[in-house]
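Okay, structure first, notes after.
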Amino acid sequence: MSAGKALPSDAVLTGELVRLEPLTWEHVPALLEIAYAYPDEFRLTSTPTNDAEAEAYFGAVLRQRAAGEAHPVAVVDGAGRVVGTSRLSEVNFKHRRCELGFSWYDPALFQSGVNVESKLLLLTFAFEALGLLRVQIHTDTRNVRSQRAILALGARFEGVLRRHQVAKDGYVRDTMVYAITDLDWPEVEARLRERLARRLARSGHAA
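In my numbering, the protein residues as written are -14 to 192.
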């Protein structure tokens, strides 16, 4: 992060389905209930699978938040339940870029529009509130579902980083790189709003 600009530490992003609150330790128990209940769903991600991993995982991200290097959020539904998490990280105001990821949700909500709206809110925050030029997204080459979800956002595939990261299972993974730029954003935003409107209509929510 460069001097002269800082991440707002208290930004709450509100949509029709969800509210994105700055992540705190108070959100962690509900998130761990999800992670521990569905280990197979999150096998190819960095989602913690035990208490030791959880302490390190959330400790690191909350230190990054305190240092102004990341904007992690808890995804809260209309009933006030914590149903997932996501994050803007590696925020660099000098070069006006960040990464979007570390997203996981209650699998019961995978087709509900929660992910679409969460990404719409975070991307709007990145491009319009923070004035960034580029949002990068990574995923494991083995994670086909994640790849499809990223492409559905409108992100462009840019290449593969070979032997890039040691996964939690010890596998040395290759990482697929995608990005959305400020030039892409108007089209991406329109696509996401259209997708969200369809999900809201199916679920009976007013747009």
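The beta carbon of each residue, even a glycine, is placed where N, CA and C say it ideally should be.
- Ranked by Cα distance from TYR156, the options LEU85, VAL68 and THR126 are led by THR126.
- Per DSSP, the continuous beta strand (DSSP E) segment holding VAL61 begins and ends at 56 to 62.
- Under the Cβ criterion (8 Å, minimum of three pairs), the stretch 174 to 191 does not count as touching the stretch 144 to 155.
- By the neighbour-count criterion, in which a residue is buried when 16 or more other Cβ atoms sit within 10 angstroms of its Cβ, ARG66 is exposed.
- Contact between VAL99 and VAL3 is confirmed by a C-beta separation of about 6 Å, below the 8 Å threshold.
- Residues of the same chain with a CB within less than 7 Å of the CB of SER71, apart from the 5 flanking positions on each side, are VAL58, VAL60, PHE87, SER88, SER103 and LEU107 in chain order.
- ALA134 has its alpha-carbon roughly 18 Å from the corresponding atom of ARG119.
- In terms of Cβ geometry, VAL46 and ALA55 form a close pair [threshold 9 Å].
- PHE110 has its alpha-carbon roughly 31 Å from the corresponding atom of ARG147.
- Exposure of SER(-6) is indicated by the presence of fewer than 16 other C-beta atoms within 10 angstroms of its C-beta.
- Inter-residue distance for SER188 and GLY0 is about 15 Å (C-alpha atoms, whole angstroms).
- Taking LEU5 as the centre and dropping the five residues before and after it, the same chain places the C-beta of VAL(-3), LEU(-2), THR(-1), VAL58, ALA59, VAL60, VAL61, SER71, SER103, LEU106 and LEU107 closer than 8 Å to its C-beta, in chain order.
- CA-to-CA, the gap between TYR42 and ARG184 works out to about 32 Å.
- When beta bridges are read from the DSSP output, GLN121 appears opposite GLU84 and ALA164.
- Among the bridge pairs identified by DSSP, THR70 is matched with ALA59 and TRP89.
- Shown here for VAL145: same chain residues with a beta carbon closer than 6 Å to its own, the five before and five after excluded, namely ASP159 and MET161 in chain order.
- Going by DSSP, ARG127 is part of no alpha helix (DSSP H) at all; its letter is neither H nor E.
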